[in-house]
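> Residue numbers (the UniProt record's numbering): 1 to 450.
1) Hey, how far is the Cα of residue 252 from the Cα of residue 102?
2) Find out if the Cβ-Cβ distance for the pair residue 436, residue 212 is shorter than 9 Å.
3) What do you reckon, are the CB atoms on residue 199 and residue 242 nearer than 9 Å?
4) Out of 227, 258, 146, 254, state which residue places its alpha-carbon closest to the alpha-carbon of residue 268.
5) Are the stretch 176-192 and the stretch 149-165 touching, with three or more C-beta to C-beta distances below 8 Å?
6) Can you confirm whether the stretch 86-93 touches the stretch 33-50 when touching is taken to mean that 3 or more C-beta pairs between the two stretches lie within less than 8 Å?
7) Closer than 8 Å is the cut-off here; do at least three beta carbon pairs connect the stretch 365-372 with the stretch 330-342?
8) What residues are listed by DSSP as bridge partners for residue 51?
9) From residue 324 to residue 218, what distance separates their C-alpha atoms?
10) Please report the distance separating the alpha-carbon of residue 110 from that of residue 438.
11) With DSSP as the reference, identify every bridge partner of residue 281, one or two as the case may be.
12) Kindly indicate which three-state DSSP category residue 140 falls into: helix, strand or coil?
13) Work out the CA separation of residue 430 and residue 57 for me, nearest whole Å.
14) Please name the residue in 284, 343, 357, 291 whose C-alpha comes closest to that of residue 312.
15) Could you please give me the residues that DSSP links to residue 436 through a beta bridge?
16) On the three-state DSSP scale, how would you describe residue 22?
17) For residue 441, which of helix, strand or coil comes out of DSSP?
18) Should residue 174 go down as buried or exposed, given a rule of 16 or more other Cβ atoms within 10 Å for buried?
19) Taking C-beta to C-beta, are residue 413 and residue 445 nearer than 9 Å?
20) Put residue 448 into one of helix, strand or coil per three-state DSSP.
21) Here's a check: name, in chain order, each residue in its chain whose Cβ is nearer than 6 Å to the Cβ of residue 460, leaving out the five neighbours to either side.
22) So who's on the other strand from residue 31, going by DSSP bridges?
23) Look at residue 95 and residue 68 and say whether their C-beta atoms are less than 9 Å apart.
24) Suppose you measure from the CA of residue 261 to the CA of residue 4; what does that come to, to the nearest Å?
25) Taking the DSSP output, what are the residues bridged to residue 272?
26) Classify residue 196 as helix, strand or coil using the three-state DSSP reduction.
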């Protein structure tokens with residue numbers, strides 16, 4: 001049975017749409033906010049989403065981009081108020097299939113959903129074909145000339161031709177997923193699926209369902225069997241980002257996959273066999289997590305058969321200029337500001353900064369600079385205030401405390417939200433994190449009014 005998710009905070013309208021759509025034989029799920037919508041998306045894996053423009057915790061137009069990022073094959077239909085055509089047009093630009101005007105378009109609902117379902121079926125059929133090797137993820141495209149990054153690339157090249165598990169370690173923003181993609185694209189599994197999951201983006205229950213799948217009736221709301229990401233990645237590679245955030249009891253299920261190539265879905269009694277290469281990544285010291293009782297020692301030894309540490313940017317200052325010039329060229333062309341030069345003072349500010357967010361933060365800073373810069377040259381005035389004055393690298397001051405890091409992250413999120421005018425999807429994109437993670441951070445730091 002095809003599934004439809006309705007995201008709307010109006011209970012009466014949501015109920016009416018559910019009845020209309022349900023009578024046509026579709027399985028219907030409901031959510032009343034962006035946050036709950038993303039949870040239902042992960043839990044039920046719908047084919048089509050109907051999403052309101054105005055939601056209590058965000059903008060539906062922004063939400064579309066996140067839905068398409070997390071579930072590219074899902075089709076989204078925007079629900080707009082009467083006469084609000086610009087929102088509908090913007091929704092389509094963000095990836096929506098089409099839009100409906102509330103109240104006036106009831107006769108269009110079912111035909112439109114039917115067409116969207118046809119599009120989903122076609123896309124799924126095409127996705128079953130072998131995935132072409134993408135040159136974007138070759139090792140040659142990983143920037144940097146420092147000895148530290150060249151050593152990491154050399155290790156990754158060696159392990160890519162094997163099938164052993166890989167553990168990528170390093171601070172946030174050091175490029176762990178880029179390395180994971182390159183290892184996969186240069187392996188014998190290159191033409192099969194590469195599936196990435198951020199273990200910190202889901203609650204324990206949702207992560208278990210997302211990774212391993214579930215049987216119908218195994219818990220409230222589980223109306224149909226669901227295939228997990230390990231099955232989606234069968235014969236390919238699964239990338240488990242932020243593995244240190246995985247709940248302790250879920251680690252046992254992952255260990256079984258590594259040791260026996262099988263797992264048991266939620267609510268099932270029979271094991272499911274899979275052939276998947278596992279690449280994991282963490283910004284935590286897993287040996288300390290083992291000592292604290294938060295991470296399984298046996299799982300650590302299985303994952304760390306081949307460990308590749310990725311150095312922070314502050315330890316390879318010579319690479320900062322390489323990245324900065326590449327980002328200027330890329331974003332300059334994208335924003336039609338070609339030929340931008342970099343003033344020496346601008347580059348000096350970049351080189352003396354601590355870069356706690358590493359390459360990801362550098363990319364965001366350069367992108368922001370190009371947005372606000374005039375023609376011709378990037379100057380020190382185009383940088384955020386904290387980069388215009390000397391800030392020692394963490395290693396020069398004995399490291400940031402947890403309190404310092406939390407304040408840095410909080411202020412960074414606040415600045416980005418201010419820069420995007422409160423557009424959470426754009427803020428998440430600039431920070432290279434998922435929208436779910438951003439909502440969690442906003443709640444954690446009390447930034448809900450931003």
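Backbone N, C-alpha and C define an ideal beta-carbon position, used for all residues, glycine too.
Remember, predicted model here, so these are calculated numbers, not experimental data.
So, to answer that:
1) If you take the alpha carbons of residue 252 and residue 102, they lie about 48 Å apart.
2) No. Outside cutoff.
3) Yes, Cβ-Cβ distance for residue 199 and residue 242 is below 9 Å.
4) Comparing C-alpha distances from residue 268 to each of 227, 258, 146, 254 shows the shortest one belongs to 227.
5) At 8 Å Cβ cutoff, the stretches touch.
6) At 8 Å Cβ cutoff, the stretches do not touch.
7) Yes: the two stretches touch, three or more of their Cβ pairs being nearer than 8 Å.
8) Per DSSP, 7, 78.
9) Here the C-alpha atom of residue 324 lies approximately 50 Å from the C-alpha atom of residue 218.
10) Taking C-alpha positions only, residue 110 is separated from residue 438 by approximately 34 Å.
11) DSSP lists 168 as partners of residue 281.
12) Note: residue 140 maps to helix in three-state DSSP.
13) Residue 57 and residue 430: Cα-Cα distance of roughly 20 Å.
14) The candidate whose alpha carbon is nearest that of residue 312 is 357.
15) In the DSSP assignment, residue 436 forms no beta bridge with any residue.
16) In the structure shown, the three-state DSSP call for residue 22 is helix.
17) Helix at residue 441.
18) Buried is the call here.
19) Going by C-beta atoms, residue 413 is nearer than 9 Å to residue 445.
20) The three-state secondary structure of residue 448, taken from DSSP, is coil.
21) Because the chain spans 1 through 450 in this model, residue 460 falls outside it and cannot be assessed.
22) Residue 31 is bridged to 7.
23) Yes. Within cutoff.
24) One alpha carbon belongs to residue 261, the other to residue 4, and they sit about 33 Å apart.
25) Partner(s): 263.
26) Residue 196: strand per DSSP, three-state reduction.
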